[in-house]
Amino acid sequence: MTTVSDVNKNSQAGGAASQAIGANGSISNMFTTLLVAQIKNQDPLSPTDPSQFVGQLTQLSQMEALQALSSQGAANASMLSSLQMISLGAQVGSTVQAKVEQLELGKDKVATHFTLASGATPATLVLSGADGIEKRVDLGTRAIGNHAYTLDPAALGLPAGRYQLRVENESKQATALEVVATMSNVRLTGDGGAMVSLGSFGEVSPAAITQFKGRPGQQQAAN
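Mapped onto the numbering used here, the consecutive letters of the sequence shown carry residue numbers 783 to 1005.
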């Protein structure tokens, strides 16, 4: 049998709900409004079981906890991005080695590096210009590990322009070419990431950088 006491308990539950979540954002305020309206408009002769209100409050609390974690994650990501920008900014003017998929070539020679996972195999440098025609340069048989190669556009008869390039082994497995260049600036992208400018060589992501070689004066001192 339903009693006045049952109705009072539900009213007290509604008051507690308002106090518990009244200080939250618009979603919580909307939830509070709907919950209070549900309590006020219930049938006095057949009031809703208070445990249902408790269950709804529990769901709200879980949702708010997830929202808090999401906000905290976004704040942490923003802080890490800022720290990355500061760290990279301090390296402007330094010589770096970075993986590239394309290069703007002129008359100057370019110091490059590549790493082979398997040794004793012929290696080929493949360059493709704006016309899509591939030029293949025989690099000879190379052992496993890191190799240096000086790319001389004039000696190879390459006109100035942008080229896609890669190194292939005998099985046509491609490996990225790395260039040694001066880091000229760091740019913040629209999505909060960063891009590093290597002067005339273009931009690369920070993940493409494989080595920081220091500034020219520091390199001479180390040698």
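C-beta atoms are modelled at their ideal positions from N, C-alpha and C, and glycine is treated no differently.
Where alanine 963 is concerned, the enclosing beta strand (DSSP E) starts and stops at 959-964. Of the residues Leu959, Arg997, Met977, the one whose Cα lies closest to the Cα of threonine 897 is Leu959. A residue is called buried once 16 or more other Cβ atoms fall within 10 Å of its Cβ, and valine 836, having fewer, is exposed. Within a 10 Å sphere around the beta-carbon of proline 935 sit 16 or more other beta-carbons, which makes this residue buried.
Take the alpha-carbon of alanine 893 and the one of leucine 887: they are about 12 Å apart. One Cα belongs to lysine 822, the other to arginine 969, and the distance between them is close to 57 Å.
When rounded, the separation of the alpha-carbon atoms in glutamine 844 and isoleucine 868 is 36 Å.
Distances from the CA of glycine 914 to each of Ala930, Arg944, Pro904, Arg924 were compared; the closest alpha carbon is that of Arg944. Asparagine 858 has its alpha-carbon roughly 44 Å from the corresponding atom of alanine 942. For proline 935, the enclosing alpha helix (DSSP H) stretches over residues 935-938. In the DSSP assignment, asparagine 928 forms a beta bridge with Thr897. Linking glycine 974 to arginine 918 through their CA atoms gives a straight-line distance of about 38 Å. Linking alanine 880 to glutamine 834 through their CA atoms gives a straight-line distance of about 60 Å. Per DSSP, the unbroken beta strand (DSSP E) holding serine 910 starts and ends at 903-910. Lysine 995 sits in a strand when the DSSP states are folded into three classes. Bounds of the beta strand (DSSP E) holding glycine 943 are 943-950. Cβ-Cβ distances below 8 Å link arginine 997 to Gly875, Ser876, Thr877 in the same chain, with the five nearest sequence neighbours on each side left out; the list follows chain order.
Ranked by Cα distance from glutamine 884, the options Val961, Pro826, Thr923 are led by Val961.
Glutamine 946 sits close to serine 910, with the two beta carbons spaced by under 9 Å. In chain order, Val874, Ser979 place their CB closer than 7 Å to the CB of asparagine 967, counting only its own chain and leaving out the 5 sequence neighbours on each side.
A distance of 9 Å or more separates the beta carbons of tyrosine 931 and leucine 938.
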